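Quick notes on the structure that follows.
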Amino acid sequence: MSLTRRTVLKSAAAAVPVAALSTLPAPAAGLREPAGIGRLAEKVEAGMAKYAIPGAGLGVWYRGREYVRGFGVTSVDTGEPVSGDTVFRIGSTSKTFTGTAIMRLVERGRISLDRPVRAYLPDFATQDPSVAARVTVRQLLNHSAGWQGDYFWDTGQGDEALAQYVAGMTKVPQLTPLGKVFSYNNAAIGVAGRIIEVVAGKPYETAARELVVDPLGLAHSRFFHSELDGFSVAASHNIVDGKPVVEPSFDAMPRALHSIGGLISSARDQLRYARYHLGHRDLPRLLSDRSRLAMQSHPGPGGTLFVELNGVGVTWMLRPTAQGPTVVQHGGDWSGQHSGFLFVPQRDFAITLLTNSESGPSLVAELFADDWALQEFAGVSNLPAVPQELPPSRLAAYEGTYVSQQIGFDGKPEELGLDLTADSGELLAGVGGQALFRFAFYRKDYVLAQNPDGTPTHVRANFVRGTDGQVEWLRYGGRLFHRQAAGQSATKRALRPAKLRHPATVW
700 MSLTRRTVLK SAAAAVPVAA LSTLPAPAAG LREPAGIGRL AEKVEAGMAK
750 YAIPGAGLGV WYRGREYVRG FGVTSVDTGE PVSGDTVFRI GSTSKTFTGT
800 AIMRLVERGR ISLDRPVRAY LPDFATQDPS VAARVTVRQL LNHSAGWQGD
850 YFWDTGQGDE ALAQYVAGMT KVPQLTPLGK VFSYNNAAIG VAGRIIEVVA
900 GKPYETAARE LVVDPLGLAH SRFFHSELDG FSVAASHNIV DGKPVVEPSF
950 DAMPRALHSI GGLISSARDQ LRYARYHLGH RDLPRLLSDR SRLAMQSHPG
1000 PGGTLFVELN GVGVTWMLRP TAQGPTVVQH GGDWSGQHSG FLFVPQRDFA
1050 ITLLTNSESG PSLVAELFAD DWALQEFAGV SNLPAVPQEL PPSRLAAYEG
1100 TYVSQQIGFD GKPEELGLDL TADSGELLAG VGGQALFRFA FYRKDYVLAQ
1150 NPDGTPTHVR ANFVRGTDGQ VEWLRYGGRL FHRQAAGQSA TKRALRPAKL
1200 RHPATVW
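Read left to right, the sequence shown gives residues 700 to 1206 (our numbering).
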């Protein structure tokens, strides 16, 4: 969720053997497991070994059957095997639970998506007063509110944590005009969570369970670690000298961020949740089909967030394909816990993967940003992207220093930036001479992010132009990095490059 929590993630050079343990029972007599499921399991096992991931939970819905498996161990210290019911923090996929809860209240006539936020939070204030007066619930949920999105102020663990967090929104700067530009916005979903609290008259976590989690029968989905007694829990791991090491400090999360990324869940529960949003009739009908489908349509402004997006509906990212069907997706990250989640309604296919290592994003990117899984199971692929070498005269329009901001747990602003310079027909992204990524253009303003050696990260980014037609922003990981005046390098600004994260880890 945070751009600056951890270092840039690269593939682990030293392979760490991780045993893959399947919890899927043998197929019933007469039923053969599709070959693609076996190939997927092999790909997961190989990725876990390559990237030093101790454990993973996998859920797949394919050709009318459910496949749920655990791989590896919950902790390198205990060796407990992962099962399909082992719980991981799912990070920002929690936002879609917030969106689903909002839609339940919409159907009850308690909330209207197109009414101003102040209809529910009369005292709501932002740094730009005109935005606070006009921003709608829908604009919160489609990430077009335009203010800085990475706002992580820790307001404690009490029931008032989210109210205090939202009261602090006056310190969050407005970046773009309301409703005009997509920029991934954690803060906006926090405001949406507060609306749920006020309308429902109870803490967010209680309301989310009553409106979504419990009615769907998600028996292994909770918000607080105190509720996990008796559960198999995936420990969070850091990577130290190429090996996974349990890091208990990663488990802490400010309560104010629960509506943004706080749900703890299992692969089995996440697949059940995906099947609900696919419209399966064997599950409780929380929403009318009209409301459920409305979450997956009418997107706001588009752009990129590790893949190209048509935009965001009601918290769901809507991803185009070369063949036409829309991929509906999210996924999420917290320190030591990284996951992917997507489904393709027109193909009745869903997949989720939960990992317990800081190196998890590399495997998540292989399965959720690359074409492999989509082609294998749904017969669709990303929009074409063939990298091109551009002459220096064209690259000059994009060169410069780009800076992004966030507000940390202590409520104070932080900056990070990238120097982009032309190099061999591409843009080299780095700080102080340290290369972090390469950007290779595949069409105007759109780039593929690559490792410094040119190997793929499976991630896309794009540049955003201002009203004068000049490049004003780099959208990377869904965030907007502002282009600075000439001569202001990241080094001169004393930014913190060591904290920049892999672009697939900032959902």
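Ideal Cβ placement from N, Cα and C applies to all residues, glycine included. Since the structure is predicted, the reported quantities are computational estimates derived from the model, not experimental observations.
{"Item": "Could you tell me the boundaries of the beta strand (DSSP E) in which Val759 lies?", "Value": "754-761"}
{"Item": "Between the Cα of Gln863 and those of Gln1045, Asp822, Tyr972, spot the shortest distance and give me the residue it belongs to.", "Value": "Asp822"}
{"Item": "Is it the case that the segment 784-802 contacts the segment 1075-1093, given that we only count it when at least three CB pairs across the two stretches are under 8 Å?", "Value": "no"}
{"Item": "If I measure Cβ to Cβ from Arg788 and keep anything under 7 Å in the same chain, skipping five residues before and after, which residues do I get?", "Value": "Ile963, Trp1033, Gln1036"}
{"Item": "Around the C-beta of Gly1131, are 16 or more other C-beta atoms found within 10 angstroms, so that it is buried, or is it exposed?", "Value": "exposed"}
{"Item": "Counting pairs of beta carbons, one from the segment 1165-1177 and one from the segment 878-892, are three or more of them closer than 8 Å?", "Value": "yes"}
{"Item": "In chain order, what residues of the same chain lie with their CB nearer than 6 Å to the CB of Val1079, ignoring the 5 residues before and after it?", "Value": "Thr1020, Gln1022, Pro1024, Leu1073"}
{"Item": "Please state whether the Cβ-Cβ distance between Val805 and Ser958 is less than 8 Å.", "Value": "no"}
{"Item": "Could you name the residues of the same chain whose beta carbon sits closer than 7 Å to that of Val772, not counting the 5 residues immediately before and after it, in chain order?", "Value": "Pro753, Gly754, Gly778, Glu779, Pro780, Val781"}
{"Item": "With three or more C-beta pairs closer than 8 Å as the rule, is the segment 913-932 touching the segment 976-993?", "Value": "yes"}
{"Item": "Among all the DSSP beta bridges, which residues are the ones paired with Tyr850?", "Value": "Ile1106"}
{"Item": "Residues in the same chain with beta-carbon distance under 8 Å from Ile810, minus the five sequence neighbours each way, listed in chain order, please.", "Value": "Ile801, Leu804, Tyr819, Val836, Ile894, Val898"}
{"Item": "Roughly how many angstroms lie between the CA atoms of Val743 and Asp1069, to the nearest whole one?", "Value": "14 Å"}
{"Item": "Tell me whether Pro1000 counts as near the ligand FAD, meaning its Cβ is closer than 7 Å to at least one heavy atom of that ligand.", "Value": "Ligands in the displayed structure: none, and consequently the ligand FAD is not present."}
{"Item": "Are Gly746 and Leu1062 closer than 8 Å when you measure CB to CB?", "Value": "yes"}
{"Item": "Please tell me whether Val912 and Ser920 are closer than 8 Å, where the distance is taken between their beta carbons.", "Value": "yes"}
{"Item": "Tell me the rounded alpha-carbon separation between Pro1090 and Leu1119.", "Value": "15 Å"}
{"Item": "For Asp950, which of Leu839, Val786, Gly1107 has the nearest alpha-carbon?", "Value": "Val786"}
{"Item": "Please determine if the segment 827-847 and the segment 921-941 are in contact, where contact requires at least 3 C-beta pairs separated by less than 8 Å.", "Value": "no"}
{"Item": "Taking DSSP as the reference, what is the three-state secondary structure of His997?", "Value": "coil"}
{"Item": "Using only CA atoms, which one of Gln1045, Ser793, Gly845 lies nearest to Leu874?", "Value": "Gly845"}
{"Item": "Taking 7 Å as the limit between beta carbons, can you name the residues of its chain near Val834, skipping five residues before and five after?", "Value": "Pro815, Val816, Ala844, Leu877"}
{"Item": "In three-state terms, what does DSSP make of Pro914?", "Value": "coil"}
{"Item": "Count the other CB atoms within 10 Å of the CB of Leu730; is the residue buried (16 or more) or exposed (fewer)?", "Value": "exposed"}
{"Item": "Does DSSP put Tyr883 in a helix, a strand or coil?", "Value": "coil"}
{"Item": "For Val1172, report the span of its beta strand (DSSP E) as first-last.", "Value": "Note that residue 1172 is Trp in the sequence shown here, rather than Val. 1170-1175 is the span of the beta strand (DSSP E), which, as asked, contains Trp1172."}
{"Item": "State the DSSP-derived secondary structure class of Trp1071, mapped to helix, strand or coil.", "Value": "helix"}
{"Item": "On the DSSP letters alone, give me the boundaries of the beta strand (DSSP E) that Phe1140 sits inside.", "Value": "1133-1142"}
{"Item": "Quick check: Gly1012 and Gly790, are their CB atoms within less than 8 Å of each other?", "Value": "no"}
{"Item": "Going by beta-carbon coordinates alone, are Gln1183 and Thr1100 separated by less than 8 Å?", "Value": "yes"}
{"Item": "What's the gap between the Cα of Gln969 and the Cα of Gly758?", "Value": "7 Å"}
{"Item": "Can you give me the Cβ contacts of Phe1048 inside the same chain, cut-off strictly under 7 Å, excluding the 5 residues immediately before and after it?", "Value": "Trp760, Tyr761, Phe1042, Phe1076, Ala1077"}
{"Item": "Beta-carbon within less than 8 Å of Arg971's beta-carbon, same chain only, minus the 5 sequence neighbours each way: which residues are those?", "Value": "Leu915, Gly916, Leu917, Leu982"}
{"Item": "Pull up the distance between the alpha-carbon of Glu1065 and that of Val1027, whole angstroms please.", "Value": "17 Å"}
{"Item": "What residue does the alpha helix (DSSP H) around Gln863 start on, and which one ends it?", "Value": "860-866"}
{"Item": "Would you kindly work out how many angstroms separate the C-alpha atoms of Ser1103 and Gly1030, rounded to a whole number?", "Value": "22 Å"}
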